[in-house]
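Down below is the structure, laid out as structure tokens.
Number of protein chains: 2
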Amino acid sequence: MDSQGGIRTGVADAASGRAARTGRSWRAGDKRRDLLDGSLAAFARDGYTRASVDAIARAAGTSSRTIYNHFGDKAGLFHAVIVDSARRVADAQIILADRHLGKIVDIEADLLEFGRVWATPAPEFADHFTLVRQVIAEAAHVPPATLEAWQEQGPRRVRRALAAHLRRIADAGHLSLADADLAAAHLVLLVAGDSGQRSLHGAVALEPAEIHATSDAGVRVFLHGYGVR
Amino acid sequence: MDSQGGIRTGVADAASGRAARTGRSWRAGDKRRDLLDGSLAAFARDGYTRASVDAIARAAGTSSRTIYNHFGDKAGLFHAVIVDSARRVADAQIILADRHLGKIVDIEADLLEFGRVWATPAPEFADHFTLVRQVIAEAAHVPPATLEAWQEQGPRRVRRALAAHLRRIADAGHLSLADADLAAAHLVLLVAGDSGQRSLHGAVALEPAEIHATSDAGVRVFLHGYGVR
DNA sequence: CTTCAAGTACAACGCACGTTGCACAAAATG
DNA sequence: CATTTTGTGCAACGTGCGTTGTACTTGAAG
């Protein structure tokens, strides 16, 4: 009953294989990048099933045949797209965490500032989060290997970076926490969970003031639970 | 570029038309109910595109031809399914709100109790919320009329009922609020937003203790903003 | 220039799916 | 009973899509 449909295996057959096999550097054309970018937009807009390979190729300015040469499979393309996108977003988020949590002078003020920036959606990553919503909605049809690679390169990497910061901040006496990983998960949920959920329901962009209000409230709840008393 | 794909119009062509035209009461077989229930399960599991009409018919124990006789269209079926399901869930939620917010003796204790019950997911409605996630993910491909009917019969109806309760409770001196509708939206988000978001990310069911903790925290934030000082 | 990998255009195959028409059974209605 | 409504099984049509093979172009490397 699940055999038909679903995103099938072809994980990383030829993916990035060319770059490794040939000594070619990625300068000219760079069809692979075009493909990853165009596919992200197409998958985000239409979802996996609806986004046809031909439409993706058109959006990326390549031939559909090139997709199969690079990724072997539609599923392989999807795998590469979400992992690549998740890695990029995670990189940006980690940099953001480093900037705001690297040096703590006033734990409450710094966390409030961090929360506001964190909760404010970056337009250049809108497609990514739309795609993530697609993945969550049809998680049952996404190969476990793809889910695993996405989580590992994206959310889990970010959470580990945040946890390291929180651990360090706690050791410096600004917080009181036992499980830094759990605390990191709680922090991002409290800061951006509500506004994320809310923007879904209304499908409208939130006002910055509303984002800041929910983020501030989340930080205060976090400090209520993890602050030094 | 958007012309192909998408859920097309056929909203309520023949939907529920038979019941209205003929004086027939819905007793025997009641294929329509079977269809609505089976379709809910199928759409929730596979999403709109992947769920084939034949598979739905099989899941509902009917013929695929009967689907077209009743709903005219696959899109019409989807429309009927989500509206019907949303109405049922909303009914249950409104009853729940009446029970817990009808008579207030201790505003904090009552809201805490209400929040815990509200945030605890009912297994019989799991399919519905899975379907809602599908709808949100591909909202761009769902006809506006379907989105509108769903919101009206489901979320908005619930929010209005909650707002009425909050208004009454405020008039009785237990709360201080200007916009009851906004307060209702805030309450459900604070109470269930986090746990809903969190259960998505992990795809695992939350422990009751965790649900209660986040719900309690949400209620306290709500009272911090809307409580009488 | 020759060579070779990378990309493209095109045609084709097979398949699954939405949808319809039609003939026929079953059940309710009078 | 006869009649009308509902539901079913089946065949069929058209279409869109994933995928592959193949011949051709292009541009860099030797």
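So the protein sequences, as listed, match chains X and F. If you use my numbering, the first sequence corresponds to residues 836 to 1064, in order. If you use my numbering, the second sequence corresponds to residues 836 to 1064, in order. Glycine included, each C-beta is placed from N, C-alpha and C at the ideal position.
Endpoints, the alpha helix (DSSP H) within which residue i is located
| i | result |
| --- | --- |
| F:S1050 | P1043 to Y1061 |
| F:A1068 | Residue 1068 of chain F cannot be examined here, being either before or after the span of chain F that is shown, 836 to 1064. |
8 angstroms Cβ shell around residue i - same chain, five flanking residues per side excluded
| i | result |
| --- | --- |
| F:T901 | K866, L870 and A892 |
| F:A894 | G873, S874, A876 and A877 |
| F:G896 | D869 and G873 |
| X:V916 | L871, S874, L875, F878 and L966 |
| X:G1028 | G1053 |
| X:I929 | R992, V993 and A996 |
| F:D945 | H935, L936 and I939 |
| X:V957 | According to the sequence shown, residue 957 of chain X is Ala rather than Val. For X:A957, where only same-chain residues beyond five positions count, the Cβ hits under 8 angstroms are A927. |
Any non-hydrogen atom of the ligand FMN within 8 angstroms of residue i CB
| i | result |
| --- | --- |
| X:I971 | Absence of the ligand FMN is noted for the structure shown, with no ligands found whatsoever. |
Where residue i falls: helix, strand or coil (DSSP)
| i | result |
| --- | --- |
| X:L1010 | strand |
| F:A842 | A quick correction: the sequence has Ile, not Ala, at residue 842 of chain F. F:I842 falls in the coil class under three-state DSSP. |
| X:R1064 | coil |
| F:D865 | coil |
Cutoff 6 angstroms; reference residue i; Cβ partners in own chain excluding five residues on either side
| i | result |
| --- | --- |
| X:S920 | L875 and H963 |
| X:L1022 | F1057 |
| F:R992 | A925 |
| X:T981 | H914 |
| X:R922 | Q988 |
Proximal residues to residue i (C-beta, below 7 angstroms), its chain only, five neighbours per side dropped
| i | result |
| --- | --- |
| F:F949 | H935 and L936 |
| X:K909 | V888 |
| X:A1019 | R994, L997, A998 and L1001 |
| X:E943 | L1058 |
| F:V1026 | G950, W953, A954, S1050, G1053 and V1054 |
| X:V918 | A984, W985 and Q988 |
| X:A886 | A877 and F878 |
| X:L1012 | L1001, A1005, A1018 and Y1061 |
| F:H1047 | R951 |
| X:D1016 | R994 and A998 |
| F:S898 | A892 |
message: Tell me whether the region 1002-1011 of chain F and the region 935-955 of chain F touch, counting them as touching only if at least three CB pairs, one residue from each stretch, are closer than 8 angstroms.
response: yes
message: Quick check on the DSSP output: what are the complete alpha helix (DSSP H) runs of length 4 or more inside the region 920-968 of chain X, in order along the chain?
response: 942-954
field: Continuous alpha helix (DSSP H) assignments of at least 4 residues falling wholly in the region 963-1001 of chain F
entry: 979-986
- prompt: Which ranges would you report for the alpha helix (DSSP H) in the region 868-917 of chain X if only whole runs of at least 4 residues count?
  reply: Correct list: 888-895 and 899-906.
field: Three CB pairs or more closer than 8 angstroms across the region 967-984 of chain X and the region 954-974 of chain F
entry: The region 967-984 of chain X is in contact with the region 954-974 of chain F.
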